[in-house]
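Worksheet: the structure to be examined is printed underneath.
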Amino acid sequence: MADAVPVARSPLAHLPEAAREMRDDLAVSLRERPLLGLLNLRLDAASEAAQRVKAALGFGLPGEPNRATGEGGRSALWLGPDEYLVVTEPGGEAALARSLAEALQDRGAVTDVSDGRTAIEIAGSRARDVLATGCSLDLHPRVFRAGQCAQSGLAKARIILHQIDDRPGYRVFVERSHAEYLWLWLMDAAAEYRAAT
Amino acid sequence: MLLIPCPWCGPREEGEFAPGGEGHIRRPEPQAASDQDWAEYLYYRTNPKGLHFERWVHAAGCRRWFNVARDTVTHEIRAVYKMSENRPEGL
Amino acid sequence: MPPQPFRLPQGGRIDRSRSLAFTFNGRRYDGHPGDTLASALLANGVALVARSFKYHRPRGVMSAGAEEACAFVQLGEGARSDPNCRATQIELFDGLTAASLNCWPNVQLDFGVVSDRLHRLLPAGFYYKTFMWPRRGWLTYEKLIRRAAGLGRAPSEPDPDRYEKRFAHADLLIAGGGPAGLAAALAAGRTGARVILADENGEFGGQLLWRDAEIDGEPALRWVERSLAELSSLPEVRLLPRSTVAGYYDHNFLTVLERVTDHLSPFAAPTATPRQRLWKVRARQVVLATGAIERPLVFINNDLPGIMLAGAAQAYIRRHAVRPGGRAVIFTNNDSAYETVAALSEAGVAITAVIDARAGDTAAAEACLRRGIEVLRGHAVIDASGGHALREVTVAPLDGSATALAGAASTLRCDLLCVSGGWSPTVHLFSQSGGKLAFDAASGCFIPGESRQAERSAGAARGSFDLAACLAEGHAAGLAAARAAGFAGPDSPPPQAPAQAMSPIRPLWEVPSPHQGRRDRKFVDLQNDVTAADIALAAREGYRSVEHTKRYTTAGMGVDQGKTGNLNTLAILAGETQGAIPAVGTTTFRPPYTPVTIGALAGRGVGDFYDPVRKTPMSPWHEARGAVFEPVGKWRRPLYYPGPGEGMEAAVRRECLAVRNAVGLCDASTLGKIDIKGRDAVTLLDRVYTNSWGSLAIGRCRYGLMLKDDGMVFDDGVTTRLGERHYLMTTTSGHAEAVFGWLEEWLQCEWLGLDVYLTSVTTHWATAMLAGPRAREVLAAAGTDIDTSRAGSPYMTVREGHVAGIPARLFRVSFTGELSFEINVPARYGLALWETLMAAGAAFGIEPIGTEALHVLRAEKGYIVVGHDTDGTVTPYDLGMGWIVDQKKPDFIGKRGLRRSDLVRTGRRQLVGLLTDDPAQIIPEGSQIVRSGASLAATPVPMLGHVTSSYWSPALQRSIAMALIEGGQDRQGEAVEAVLPDRTLRAVIGTSRFYDPEGVRLHG
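From first to last, the protein sequence lines stand for chains A, B and C. Position one of the first sequence corresponds to residue 43 (my numbering), numbered consecutively onward. Position one of the second sequence corresponds to residue -15 (my numbering), numbered consecutively onward. Position one of the third sequence corresponds to residue 8 (my numbering), numbered consecutively onward.
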């Protein structure tokens, strides 16, 4: 029994459609991006620790509220004046957490929260309309573009929304315990648009 | 449905926030405080008709606490300022 | 009879090439696309449409819009049946069915009409003065009265339709798509601003759809077409037809109800499309171009079928190609009704006369006379008669002040009376926005005064009834709004319309009657059957404020919200109280402007989406196992796991005994977990907990009690030191967010200098609680590299390592009083861990245990559950937990609170154990406790406290309970009684440590 590899599950693992690939020909498509590495980073953005963190990350933390910075497979999302969500490839969180902790030298906190949330990606020409059925953020391209993020509500769940590209494509981070609810809700909200192109 | 301008995130719907009651309530020095002092700190509020200085927290957003000067009759928000800032004058 | 006898052979905005079949009161009729139910009924000669609310008087169609106060129908059948629909706003579709309201057996022969015969006994507020004997009889009388009056029937089946909500952000929201609204949309839309233009009609154009007008030198409708084409081409302009701006709230937040498929047969609508959509709009700027509503005139029997607003008659002719009658009289006090005269002539309706209350010469009257139409100036219609439909009117001259008659009356035969008492700007949204109304005496109406929000009114909504003014004001408002929102636009000329010379209106709030009598037959609020006599009665009885008059008479309280009646009501009240109309004031305008379906307000938040349930990683296992669940906050936790044929009692008993005798497994993932890091972590803990934390070594756990600053217990939990400056705090499941928020509040508002950071990790970790004497064996069987022996993992310690190959933190803590390990693993492995432990534990008799068994087990040990044994009024001392309060600390939250006189007095309710004399009897939780032998006849009976927790204890084979009892700690051994609805149970106060009081099994 000790040799068996334990099964890791995302909160939507039991819903097969959640693993579907995104399709460019649909007005809106949805899928889960499971088990991303997620680290909660807290520190004083003006401190020397922040400079060391920049070196460890490979890029600077966002200087303005509700912006995301990033390179390669990593990004950092502004959550608060002293709080960031660092996103990395699945499996990369342990090593990154260690290097960030070293950089911080106890002048801040880095905590693995990878299992606390999952990411649902939604993209397509009607993605904004679908999100607008349950989210009060203004997502008009004049106001909200790729590289911006925001914490808000979607339906009855709290989310972190990150626009990742201009399709438009969004990543919706939702707490694990609400993931199934939000997935089903998004599928329902998208029903009206999925046929159209 | 108020539109509340979070000092960091900008204007957001009231539903993203939780009200924090009257602001600038000073916690008395516990050793010196009488029961009346402590009761006033816990329970007594000014409840004005008009300009009210109050606290809000952006609970579904950046989770920061901040102060708001709001008219309780018209709901006009006259000022928003951080916890570390002083109450603005001349509102 | 030929089909549609009152349909005009040509004209109208209807599609004659298609025929729509509909059913009204069981009879089949035909209409066309472009009809409303009202226009189709009129086309088919159906004049009698409904019976009125109170007196069951025959009623027909009196308007062509949202202001309809008479023609209410029950629309549709079964689950889609919709009560109290205004026939004037129902777009006709194929297969529509509707029926008259409030009549039995049918609208022609309605027994309810007896109320009309008895109307003198049933004035406003009659139910406050009658039906009082015997007193008990009121319960029966009320049922009868309610059944006699009333509107439609609500469906009892679930709503089969889909409704949605949509948030929208706009630089400018324009309410109303008539000339002013369209002009505003063009001006603003051309600047590139985000514009939403909403109109309640299926077609934009407003009054232009039925009035003869010219804009920019071409027919107005062509201007409308070109404007819409341009607006449709602007990518940032959103056109919302069939959409009513329903409410105006704070900070320019407005709701717009879009009827997406109501105009389609229910079976033709695409399935994923919502029936209705509620737009929630946050607009930087608002333009209210909501137009105006025509007022009826108040005279005897002014509610007969065949009496309609003059503008409505014009709309039926021009928009729907319907002849509203065969022979018409027009009764007006202003110029606008003369357009109806022209329209009636075009439609071939004979015009007996125009009755104009204005005595002087007017250009409009002159023009009529020149065309050979009789105009009786300075006259009024004082009475109408006809049974189910209008047959004739009585006309008499008015004296100089228009308050009395000045000559003999004469009768005129007609089947159509078009009335116009003037126009009231539709100021509802303006008023809802907080704006102040002003009274325009010249026009005799309320107009928008000072705005409170970023909003402008334009056109008739502002009291500008002239088309040129509507266009100019709309254009200016649109440009100004766009500029205010940051979109510069060049100055440009507005659309032009020819000037119109208008003679002034002569306000006529109540038409005088012979001997000033029969005011009880002059209807002011047609929907609620409120008459001029009722308003006079209210004033006489002291209800002189408009808010009182409204409620006493119910004027303005119907589905139509008094759209046609309010100003007449105010004016008559002003007359009765010798006040001026502006002094009387208006009642509060409340949203929604027209009724909104509950479905639209619910949106998709119905069924499974109503209250999202939070699930743990192990939830699929619990569900598959058939667990019975209970809500714990927003979570859904297994309450117990019934075996075959087991009820709750048996299941819980089995689960408890499994934990005491073998091993049980409980999903504790819902517990709140807060990761704490920083140099000042201990300072934080010392301040928020009652006990001290500096001495806690790395790898050790400590129970903490958290108070609010009033000294009352708020939360509890075990906090563990994971590293030098690293702690993990746990909270109760229900308080996880509250405690996290509480700590952040203190850090951000009071203790800004503390170097400590918090991170919520509640859902990052899944927790399986393994409890029972065989727990270690299960861990060994599952495979672990952690030393779980007594020496390796002492009670209240944490160890890190692996269980079944899964990285884990093993907390040796116990809520059950048995040897217990709370195994925390990253949530992705939660289900895998659970399945492995269940499999490994099979050989040892492992059972999954639910929250009920957990609660019984902890109660056997006397452990409290915050929120169950406490309620925010209980201190640590009340709980007998003084040992956890470190008074040597200089301060902590609650320390000063605890010293308040009421919290240190004797006689406070204290938590104790209770054992019933009869061990088989379980005291219901919440039962009140009284002195033993106390008489229950006293009022009040002195209550000593209540039972907070009560269970059957499988370990002790008897009932146990915990209670908060006055001075309980000093009453050990005393008998008390618990009061049940039908008897009392005698019990003895003792310790709450019922089982293993020394805690021997804990340290196993």
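All C-beta atoms in this analysis are idealised placements derived from N, C-alpha and C, irrespective of residue type, glycine included. These numbers come from a predicted model, not from an experiment.
Quick one: residues in its chain with C-beta nearer than 8 Å to the C-beta of residue i, no 5 flanking neighbours on either side, listed in chain order?
{"i": "E(-2) (chain B)", "result": "M(-15), L(-14), L(-13) and I(-12)"}
{"i": "M43 (chain A)", "result": "Its pLDDT being 46, under 50, M43 (chain A) is placed unreliably by the model, and the measurement read from it follows with that caveat. Contacts found: none."}
{"i": "T584 (chain C)", "result": "A546, R551 and V591"}
{"i": "R660 (chain C)", "result": "W959 and P961"}
{"i": "G222 (chain A)", "result": "The sequence as given places Glu at residue 222 (chain A); Gly does not occur at that position. Only P53, L54 and L57 meet the Cβ criterion."}
{"i": "T239 (chain A)", "result": "Any answer about T239 (chain A) is weak, because its pLDDT of 40 lies below 50 and its placement is not dependable; what the coordinates show is given next. Correct list, in chain order: D67, L68, A69 and S167."}
Enumerate in chain order the residues of its own chain whose CB-to-CB distance from residue i is below 6 Å, with the five nearest sequence positions on each side excluded.
{"i": "A634 (chain C)", "result": "P645 and Y648"}
{"i": "A461 (chain C)", "result": "N259 and Q292"}
{"i": "W700 (chain C)", "result": "V689, L692 and D693"}
Grab the span of the alpha helix (DSSP H) containing residue i for me, first residue to last.
{"i": "A177 (chain C)", "result": "Where A177 (chain C) is concerned, there is no enclosing alpha helix (DSSP H), although the beta strand (DSSP E) it sits in stretches over Y170 to A182."}
{"i": "H482 (chain C)", "result": "L474 to A491"}
{"i": "I542 (chain C)", "result": "A539 to R547"}
{"i": "M229 (chain A)", "result": "A221 to R236"}
{"i": "R218 (chain A)", "result": "It is not in any alpha helix (DSSP H) - R218 (chain A) carries neither H nor E in the DSSP assignment."}
State the start and end residues of the unbroken beta strand (DSSP E) segment that holds residue i.
{"i": "G952 (chain C)", "result": "G952 to S960"}
{"i": "F636 (chain C)", "result": "V635 to V639"}
{"i": "I152 (chain C)", "result": "Taken as a continuous stretch (DSSP letters only), I152 (chain C) belongs to no beta strand (DSSP E), being part of the alpha helix (DSSP H) at W145 to A155."}
{"i": "T726 (chain C)", "result": "V720 to G730"}
{"i": "T30 (chain C)", "result": "L27 to F31"}
Let me see if you follow: with CB-CB separation under 9 Å, is residue i close to chain C or not?
{"i": "V128 (chain A)", "result": "no"}
{"i": "G34 (chain B)", "result": "no"}
{"i": "E144 (chain A)", "result": "no"}
{"i": "A233 (chain A)", "result": "yes"}
{"i": "R84 (chain A)", "result": "yes"}
{"i": "T56 (chain B)", "result": "no"}
Please confirm whether residue i has its beta-carbon closer than 9 Å to some beta-carbon of chain B.
{"i": "S194 (chain A)", "result": "yes"}
{"i": "Q755 (chain C)", "result": "yes"}
{"i": "R209 (chain A)", "result": "no"}
{"i": "H258 (chain C)", "result": "yes"}
{"i": "A238 (chain A)", "result": "In this prediction, A238 (chain A) scores a pLDDT of 48, lower than 50, which makes its location untrustworthy; the coordinate-derived value is nonetheless stated afterwards. Not closer than 9 Å to any Cβ of chain B, the Cβ of A238 (chain A) fails to qualify, so no."}
Spell out whether any CB of chain A is found under 9 Å from the CB atom of residue i.
{"i": "V635 (chain C)", "result": "no"}
{"i": "E69 (chain B)", "result": "no"}
{"i": "D618 (chain C)", "result": "yes"}
{"i": "K1015 (chain C)", "result": "The structure shown does not extend to residue 1015 (chain C), since chain C is modelled only from 8 to 1011, so the question has no answer here."}
Please report the Cβ distance between residue i and residue j, rounded to the nearest whole angstrom; I am assuming they are in contact, meaning their Cβ atoms lie under 8 Å.
{"i": "L397 (chain C)", "j": "C375 (chain C)", "result": "Incorrect: roughly 21 Å between the Cβ atoms, too far for contact."}
{"i": "K680 (chain C)", "j": "V768 (chain C)", "result": "5 Å"}
{"i": "S427 (chain C)", "j": "T571 (chain C)", "result": "Not really, about 11 Å apart at Cβ, beyond 8 Å."}
{"i": "A839 (chain C)", "j": "P123 (chain A)", "result": "Contact doesn't hold; Cβ gap of about 38 Å is too wide."}
{"i": "P500 (chain C)", "j": "E221 (chain C)", "result": "Not really, about 16 Å apart at Cβ, beyond 8 Å."}
{"i": "L714 (chain C)", "j": "T739 (chain C)", "result": "Actually they are not in contact, since the Cβ atoms of L714 (chain C) and T739 (chain C) sit about 14 Å apart, beyond 8 Å."}
{"i": "L179 (chain C)", "j": "A205 (chain C)", "result": "Not a contact, Cβ separation roughly 11 Å."}
Leaving aside the five residues before and after residue i along the sequence, list all residues of the same chain whose C-beta is less than 7 Å from its C-beta, in chain order.
{"i": "V531 (chain C)", "result": "V305, V537, T538, A539, I542, A562, G572, N575, T576 and I579"}
{"i": "L685 (chain C)", "result": "Per the sequence shown, residue 685 (chain C) should be read as Gly rather than Leu. So the list reads R732, D762, V763 and Y764, once near-sequence residues are dropped."}
Taking any Cβ of chain C, which residues in the region 149 to 161 of chain A have a Cβ under 9 Å from it, in chain order?
Answer in chain order: R149, G150, A151, V152, T153, D154, V155, S156, D157, G158 and R159.
Select from the region 46 to 62 of chain A all residues with a C-beta closer than 8 Å to any C-beta belonging to chain C, and list them in chain order.
Per Cβ criterion, the list reads A46, V47, P48, V49, A50, R51, S52, P53 and H56.
Taking only beta carbons into account, state which residues of the region 893 to 909 of chain C come closer than 9 Å to chain B, listed in chain order.
P897, D898, K902, R903, G904, R906, R907, S908 and D909
Give me the subset of the region 447 to 459 of chain C whose CB atoms are less than 8 Å from a CB atom of chain B, sorted by chain position.
R459
Give me the subset of the region 100 to 127 of chain A whose CB atoms are less than 7 Å from a CB atom of chain B, sorted by chain position.
P107, N108, L121, G122 and P123
Tell me which residues of the region 209 to 224 of chain A have at least one Cβ-Cβ distance to chain B shorter than 7 Å, keeping chain order.
none
Listed from N- to C-terminal order along the chain, which residues in the region 745 to 773 of chain C have their beta-carbon within a distance smaller than 8 Å of any beta-carbon of chain B?
G748, E751, E752, Q755, C756, E757 and L759
Interfacial residues, the region 159 to 178 of chain A to chain D, with Cβ spacing under 8 Å
The structure shown contains no chain D; the protein chains it does contain are A, B and C.
Could you name the residues of the region 156 to 190 of chain C whose beta carbon sits closer than 8 Å to any beta carbon of chain A, in the order they occur along the chain?
E171, K172, R173, F174, A175 and H176
Which residues of the region 425 to 448 of chain C have a Cβ closer than 8 Å to any Cβ of chain B? Give them in chain order.
Those residues of the region 425 to 448 of chain C that come within reach of chain B (Cβ to Cβ, closer than 8 Å) are G441.
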